[in-house]
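Quick note on numbering: the working numbering labels position 41 of the sequence shown as 1394, and the sequence is numbered without any gaps.
Glycine residues also receive a C-beta, built at the ideal position from the N, C-alpha and C atoms.
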Amino acid sequence: TEAGILALEKRTIDQVAAGEQQPESDHQFSGDHTTTGLTDDRYWREATNYFSYVLQNREGKATILQVTYVNGNPHAPFDLLVNGIALPAEQPDSANKAAEYTREYALPAELRNKEFLTIRFQSRKNSITPRVRELRLLR
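Here is the structure:
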């Protein structure tokens, strides 16, 4: 809904659209063995090693990392790290048949006052990360 979109924008501190050149460049994209794709006319990124972005936590207000995933790859376990600290990332749900789904992860208290947060998606041995469409830092 329009109201829902506006409310989300108001809560958003910083965001990056994965797989899109300018937003990734603006957020210091880094990665190894990573690819992009297009689903429903929107880009996503995945990796057999890792990829990361640096998001700016203006005024130290971020409490939540929101990630939108795209279904379509093997649902292998992965690690989600913020400034090197592993978040208890909910693993992909192979029963979920939605084209995309969004998860919110609480940021640990010790990260909430950091100006810059490096968000890293790390595959585990012989696996692949989920397909990531968008990341948002939320207040």
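Assuming residue i and residue j make a contact with CB atoms under 8 Å, what is their CB distance in whole Å?
i, j, result
"Leu1464", "Val1369", "Actually they are not in contact, since the Cβ atoms of Leu1464 and Val1369 sit about 17 Å apart, beyond 8 Å."
"Ala1439", "Arg1477", "12 Å between Cβ atoms; not a contact."
"Tyr1403", "Gly1372", "Tyr1403 to Gly1372, Cβ: 15 Å. No contact."
"Arg1486", "Lys1414", "With a Cβ gap of about 23 Å, Arg1486 and Lys1414 do not count as contacting."
Looking at residue j and residue i, is the spacing between their C-beta atoms short of 8 Å?
i, j, result
"His1386", "Val1407", "no"
"Val1420", "Thr1455", "yes"
"Leu1359", "Leu1418", "no"
"Tyr1458", "Leu1433", "yes"
"Asn1410", "Glu1362", "no"
"Gly1437", "Arg1484", "no"
"Phe1431", "Thr1482", "yes"
Work out the CA separation of residue j and residue i for me, nearest whole Å.
i, j, result
"Phe1474", "Ile1366", "20 Å"
"Leu1460", "Thr1401", "25 Å"
"Glu1377", "Thr1389", "12 Å"
"Ser1405", "Glu1412", "22 Å"
"Glu1399", "Ala1356", "31 Å"
"Leu1470", "Ala1452", "28 Å"
"Pro1441", "Ala1462", "14 Å"
"Thr1416", "Ile1472", "14 Å"
"Gln1375", "Ser1480", "28 Å"
With H, G and I counted as helix, E and B as strand and the rest as coil, what does DSSP make of residue i?
i, result
"Arg1484", "strand"
"Ala1452", "coil"
"Leu1440", "coil"
**Q.** Minimum length 3: unbroken beta strand (DSSP E) runs contained in the stretch 1361-1403
**A.** 1365-1370 and 1383-1392
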